[in-house]
């Protein structure tokens, strides 16, 4: 078996390229996986790459290359001491920053892996981390059957969150400034999409909710959210004394100031995939007692994979680009300049 791997990395001069390094040691409680596909996050990763592009003209090569990526899927080659649920030859989805890089071989804690159903491909399984993030956002939001929900930001997390909210019985409207994302939403059956800047999102939402207003919203985007918060607040349901009310779940890196007009809105943060993630004792060790902790990072991801297998989550329609890992440098130089033309970017690994 190989003792080296190739990994996509960010260089100090702003370039994206491949480096070769030793395959990490297989620790107790970990799994060695031959990776077949990985997924790029269009928010966290592509956004970060664009922010580094300016270094090409003003390079700072003082730091070492930084491997990146946090979700992939492949075949188990070897398991560490204490791992009982996996064996060599098993197909698995893997996740986790610092573990599930864009690479051809990875070593991941066993609780950050989940078995792939037979009819789920490696490319579909590579959506596992962002799908788990979306499911945890739904759990934080606690939508009720028949409620009106808004998803602000229809990237990969936003799309999957919308799918899950609709599966839970909510009526869902999505806002985004990129038309492609709403076109993709229409393909899988999003109830309503609004291109912000081309349509009046507040009026469209009022019509969608039959004048009642939103029960809740999910912010699934990064950067400043002041304008989104203002528009969302105006679209929420209204109490008899004139106060907007409801729930807003904030996923990831949205930042905003809290104006006094939001004091009757329940704002909840949700930036993880579920309980256990970043708890090394759980990641490498025994499970939490399920009677007390039903939904962990792994059980959230297992449910997402099951819903993909059942056709209830359509992640295939989210993939706009599939690129061999060996071509990541040339491919990414082009893709970074076309943010309006990309959603899901899947890397393929050769073996």
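In the numbering used here, the protein residues as written are 1 to 351.
C-beta: ideal position from N, C-alpha, C; glycine also.
(request) Within its chain, find whatever has a CB closer than 8 Å to the CB of residue 230; leave out the 5 residues flanking it on each side and keep chain order. (result) Taken in chain order, the residues that qualify are 259.
(request) For residue 201, count neighbouring C-beta atoms within 10 Å of its own C-beta (all shown protein chains included) and say buried if the count is 16 or more, exposed if not. (result) Result: buried.
(message) Please report the straight-line C-alpha distance between residue 140 and residue 217, rounded to a whole angstrom.
(response) Spanning the alpha carbons of residue 140 and residue 217 requires a straight line of approximately 11 Å.
(message) I need the straight-line Cα distance from residue 414 to residue 208, nearest angstrom please.
(response) The shown model of the chain, from 1 to 351, leaves out residue 414, and the question about it has no answer.
(message) Less than 9 Å between the beta carbons of residue 304 and residue 169, yes or no?
(response) Taking 9 Å as the cut-off, the Cβ atoms of residue 304 and residue 169 do not count as close.
(message) Let's test the definition: count the other Cβ atoms within 10 Å of the Cβ of residue 225 and tell me whether it reaches 16, buried, or not, exposed.
(response) With 16 or more Cβ atoms within 10 Å of its Cβ, residue 225 is classed as buried.
(message) Going by DSSP, what residue range makes up the beta strand (DSSP E) through residue 347?
(response) Residues 344–348.
(request) Let me know the secondary structure DSSP gives residue 295 once reduced to three states. (result) If DSSP states are grouped into helix, strand and coil, residue 295 belongs with coil.
(request) Select from 306, 35, 42 and 66 the residue whose C-alpha is nearest the C-alpha of residue 14. (result) With distances taken between Cα atoms, residue 14 lies closest to 66.
(request) Please list, in chain order, all residues of the same chain as residue 143 whose beta carbon is under 8 Å from its beta carbon, the five residues on each side excluded. (result) So the list reads 149, 165, 168, 169, 170, 215 and 216, once near-sequence residues are dropped.
(request) Flag this pair as yes or no: are the beta carbons of residue 309 and residue 118 separated by less than 9 Å? (result) Cβ distance < 9 Å, so residue 309 and residue 118 count as in contact.
(request) Measure the C-alpha to C-alpha separation of residue 317 and residue 107 and round it to an integer number of angstroms. (result) Going by C-alpha positions, residue 317 is about 29 Å away from residue 107.
(request) Determine, using beta carbons only, whether residue 435 and residue 71 come nearer to each other than 9 Å. (result) Absent from the structure is residue 435, since the part of the chain shown begins at 1 and ends at 351.
(request) With DSSP collapsed to three states, give me the class of residue 315. (result) Coil.
(request) Measuring alpha carbon to alpha carbon, tell me which of 187, 19, 16 and 96 ends up nearest residue 314. (result) Answer by Cα proximity: 187.
(request) Mark residue 116 as exposed unless 16 or more other C-beta atoms lie within 10 angstroms of its C-beta, in which case mark it buried. (result) Residue 116 is classed as buried because its beta carbon has at least 16 other beta carbons within 10 Å across all chains shown.
(request) Starting from residue 269, follow the beta strand (DSSP E) in both directions and report where the run begins and ends. (result) Note, residue 269: beta strand (DSSP E), 265–269.
(message) Let me make sure I understand the geometry here. Which of 120, 267 and 343 has the alpha-carbon closest to that of residue 185?
(response) Answer by Cα proximity: 343.
(message) As an exercise, report each continuous alpha helix (DSSP H) stretch of at least 4 residues that is fully enclosed by the stretch 162–242, in chain order.
(response) You should have 179–188, 201–208 and 226–235.
(message) Using the three-state DSSP reduction, which class does residue 93 fall into: helix, strand or coil?
(response) Strand.
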